[in-house]
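Letter by letter, the sequence shown follows residues 0 to 411 in numbering that gives the first Met the number 0. Virtual Cβ for every residue (Gly too), placed ideally from N, Cα, C. Predicted model, so just to flag it, every value in this text is computed and none were measured.
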Amino acid sequence: MIEDDSPIITALDLGSSLIKVVIGRLMGDHEIEIIGTGVYPSAGIKNGSIVNIETTTKSIIEAFGDAELMAGQEITSVVVNVSGKSVHGFNEKGIIAVTNRERIVTEMDIMRVVEAAQAVHVPNDQQVIHVLTKEFKVDDQVNIKDPIGMTGVRLEAEVHIVSCGNTALNNIDRCVEQAGLQQMDKVLSSLASSEAILTAGEKDLGTAVIDIGAGICDIIIYVDGGIAFSSVVPFGGFHITSDISIGLKTTVETAEIIKKRYGHTRIDMVDPTEKFEIPSISGRPARSVFRQELVEILEPRVREILEMIDHELVRSGYKASLAGGVILTGGTSLLQGIEATAEEVLRLSVGRAKPAGLSGLVERIASPEYATAVGLIKYSSKIQNLEQRNMHSVSDGEGWMKKVRRWMENNL
Numbered sequence: 000m001i002e003d004d005s006p007i008i009t010a011l012d013l014g015s016s017l018i019k020v021v022i023g024r025l026m027g028d029h030e031i032e033i034i035g036t037g038v039y040p041s042a043g044i045k046n047g048s049i050v051n052i053e054t055t056t057k058s059i060i061e062a063f064g065d066a067e068l069m070a071g072q073e074i075t076s077v078v079v080n081v082s083g084k085s086v087h088g089f090n091e092k093g094i095i096a097v098t099n100r101e102r103i104v105t106e107m108d109i110m111r112v113v114e115a116a117q118a119v120h121v122p123n124d125q126q127v128i129h130v131l132t133k134e135f136k137v138d139d140q141v142n143i144k145d146p147i148g149m150t151g152v153r154l155e156a157e158v159h160i161v162s163c164g165n166t167a168l169n170n171i172d173r174c175v176e177q178a179g180l181q182q183m184d185k186v187l188s189s190l191a192s193s194e195a196i197l198t199a200g201e202k203d204l205g206t207a208v209i210d211i212g213a214g215i216c217d218i219i220i221y222v223d224g225g226i227a228f229s230s231v232v233p234f235g236g237f238h239i240t241s242d243i244s245i246g247l248k249t250t251v252e253t254a255e256i257i258k259k260r261y262g263h264t265r266i267d268m269v270d271p272t273e274k275f276e277i278p279s280i281s282g283r284p285a286r287s288v289f290r291q292e293l294v295e296i297l298e299p300r301v302r303e304i305l306e307m308i309d310h311e312l313v314r315s316g317y318k319a320s321l322a323g324g325v326i327l328t329g330g331t332s333l334l335q336g337i338e339a340t341a342e343e344v345l346r347l348s349v350g351r352a353k354p355a356g357l358s359g360l361v362e363r364i365a366s367p368e369y370a371t372a373v374g375l376i377k378y379s380s381k382i383q384n385l386e387q388r389n390m391h392s393v394s395d396g397e398g399w400m401k402k403v404r405r406w407m408e409n410n411l
């Protein structure tokens with residue numbers, strides 16, 4: 000067992016293809032040292048949602064076993080991601096009067112206006128998981144990020160609210176609990192991914208992060224430093240793999256290997272004479288296939304998914320504001336040629352990113368596949384740092400503490 004008093008945060012990324020566990024130690028100056036990782040196939044998750052409690056729980060336990068052994072730590076609590084088709088994001092506004100005698104905006108006013116903004120009807124089968132402030136307005140002064148200490152009579156807040164289906168959240172709770180763990184937080188997958196790969200400058204400039212996973216694509220847009228839009232496209236890398244399996248008449252497992260090794264999204268970039276071998280199946284002999292034949296199967300599905308993403312970017316109303324372009328992450332972003340194809344379909348500059356700014360076992364998480372897991376740690380570490388800085392001013396009981404914590408989360 001490693002003796003160290005530094006705080007530890009453990010991320011649990013419930014992906015449609017893999018369960019990932021990353022254990023990070025919080026060092027000085029916001030540095031995170033990766034001390035353990037674990038990965039296990041997630042047979043119980045489909046399109047970002049848990050469909051089998053027992054198999055998902057088993058996968059969590061297996062992934063944690065490897066991570067704990069590597070870290071030399073027994074883990075009891077986790078930060079877990081939330082994704083899937085039941086996730087919805089929408090924008091709201093709240094307005095209040097600044098009521099203190101000096102008309103100076105205080106932290107209490109911030110909490111009041113955020114609560115006013117989230118006083119919106121959410122369907123009974125949904126639960127709010129995030130209320131994230133975009134910007135504030137004090138009287139006629141607009142585009143304010145931190146209004147505390149300013150003078151005015153009216154305070155307005157624009158927020159982005161994220162909700163998720165109760166069934167999906169309850170299934171996460173059950174799996175985590177049955178794995179013998181406690182939850183510190185639930186965090187939207189795309190929010191976590193953006194924390195891992197975006198700089199403050201990119202958020203200010205206007206940038207979209209597209210996390211292309213196995214079952215779904217998570218989309219989040221930042222404009223002027225705040226979250227302006229979030230969405231989910233219910234297609235991902237597994238749908239590409241399925242097409243390859245059918246088209247090449249092979250197993251899904253073999254199709255996944257072929258996709259990763261030989262897949263390309265641009266047929267004009269592939270040598271027309273290049274071949275690869277498909278292993279034997281059901282007594283049929285192994286056979287050679289031209290690589291371009293694979294691309295003819297793969298490219299249309301990739302373009303279809305990118306067109307769905309483009310539809311969401313247009314629907315957001317912020318596509319013209321994306322001066323920073325699009326950053327791809329997630330396992331499917333590793334497909335050869337996908338950046339060029341995405342630029343063609345989205346008509347925006349496109350890059351690919353992986354987690355950065357870490358120490359320790361960085362070689363184990365130096366891939367876009369780990370953006371969500373690393374982002375969960377970074378997001379939670381921000382919460383913990385803010386709580387520590389504000390703890391001295393909190394003295395009015397649990398209800399007040401929860402409000403302060405919510406305000407701090409909203410203003411990350």
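Nearest-angstrom Cα separation, counted from residue j out to residue i
i: Ile466; j: Gly246; result: With the chain covering only 0 through 411, there is no way to say anything about residue 466.
i: Val313; j: Gln72; result: 46 Å
i: Leu327; j: Gly236; result: 13 Å
i: Lys57; j: Ala341; result: 36 Å
i: Met26; j: Ser230; result: 33 Å
i: Asn389; j: Val38; result: At Asn389, the pLDDT of 48 sits below 50, so the modelled position is not reliable and the matter cannot be decided from this model.
i: Gly214; j: Glu338; result: 19 Å
i: Gly35; j: Ile364; result: 10 Å
i: Leu357; j: Ile31; result: 5 Å
i: Gln126; j: Gly164; result: 6 Å
i: Ser193; j: Asp12; result: 14 Å
i: Glu53; j: Thr371; result: 23 Å
i: Val269; j: Gly359; result: 38 Å
i: Val361; j: Asp138; result: 47 Å
i: Arg102; j: Ile94; result: 15 Å
i: Asp267; j: Glu306; result: 20 Å
i: His29; j: Gly350; result: 26 Å
i: Ile171; j: Ile147; result: 37 Å
i: Ile209; j: Cys216; result: 7 Å
i: Leu180; j: Val86; result: 24 Å
The ligand PLP heavy atom lying under 7 Å from the CB of residue i
i: Leu180; result: The ligand PLP is not among the ligands present in this structure, which contains no ligands whatsoever.
Proximity below 8 Å, CB of residue i to CB of residue j
i: Arg300; j: His238; result: yes
i: Val158; j: Gln117; result: yes
i: Ser188; j: Asn51; result: no
i: Ile44; j: Gly23; result: no
i: Ala178; j: Ile59; result: yes
i: Thr264; j: Gln182; result: no
i: Ala199; j: Gly224; result: yes
i: Ile218; j: Val232; result: yes
i: Ile49; j: Cys174; result: yes
i: Gly329; j: Pro367; result: yes
Residue i in three-state terms, based on DSSP
i: Met390; result: Note that Met390 scores 40 on pLDDT, short of 50, meaning its location in the model is unreliable; the coordinates nonetheless yield the value given after this. Helix.
i: Asn169; result: helix
i: Ile364; result: coil
i: Leu321; result: coil
i: Ser41; result: coil
i: Phe135; result: strand
i: Ala213; result: coil
i: Gly396; result: Confidence at Gly396 is low in this model, with a pLDDT of 38, below 50, so the placement of that residue should be treated as unreliable; the coordinate-derived value is given next. In the structure shown, Gly396 sits in coil (DSSP, three-state: anything other than H, G, I, E or B).
i: Ala178; result: coil
i: Gly374; result: helix
i: Leu204; result: helix
i: Met183; result: strand
i: Ile103; result: strand
i: His197; result: A small fix is needed here, since residue 197 is Leu in this sequence, not His. DSSP places Leu197 in coil when its eight states are reduced to three.
i: Leu154; result: strand
i: Gly336; result: coil
i: Gly262; result: coil
i: Gly71; result: coil
Residue nearest to residue i in terms of C-alpha spacing, selected from the options
i: Arg153; options: Ala115, Lys45 and Glu306; result: Ala115
i: Ile143; options: Phe89, Pro233 and Val104; result: Val104
i: Glu298; options: Ala365, Lys318, Gly282 and Thr331; result: Thr331
i: Glu303; options: Ile109, Leu345, Asp65 and Lys259; result: Leu345
i: Leu375; options: Ser16, Ile196, Ser41 and Pro40; result: Ile196
i: Asn46; options: Gly83, Ile18 and Ile277; result: Gly83
i: Gly88; options: Ala70, Arg100, Ile220 and Glu30; result: Ile220
i: Gly204; options: Leu293, His120 and Ser320; result: Per the sequence presented here, residue 204 reads as Leu, with Gly not at that position. If we check each option's Cα against that of Leu204, Ser320 comes out closest.
i: Asn169; options: Glu194, Ile128 and Lys133; result: Ile128
i: Pro278; options: Glu292, Lys248, Met268 and Lys259; result: Lys248
i: Leu293; options: Thr206, Val175 and Glu276; result: Glu276
i: Thr206; options: Arg102, Leu347, Leu68 and Arg286; result: Leu347
i: Thr132; options: Lys92, Thr240, Val86 and Glu311; result: Lys92
i: Ala96; options: Ala70, Val86, Ala156 and Asn90; result: Ala156
i: Gly14; options: Ser5, Gly151, Ser41 and Ala66; result: Ser41
i: Asn90; options: Val21, Glu343, Ser380 and Gly316; result: Gly316
i: Ser16; options: Val161, Lys318, Ile257 and Ile211; result: Ile211
**Request:** Just list the beta strand (DSSP E) runs in the segment 269-315, keeping only unbroken ones of 3 residues or longer that don't cross its boundaries, in chain order.
**Result:** Fully enclosed beta strand (DSSP E) runs of 3 or longer: 274-277 and 286-289.
**Message:** Suppose only complete runs of 3+ residues qualify. What are the beta strand (DSSP E) ranges in the segment 4-53, listed by chain order?
**Reply:** Whole beta strand (DSSP E) segments, 3+ residues: 7-13, 17-25 and 31-40.
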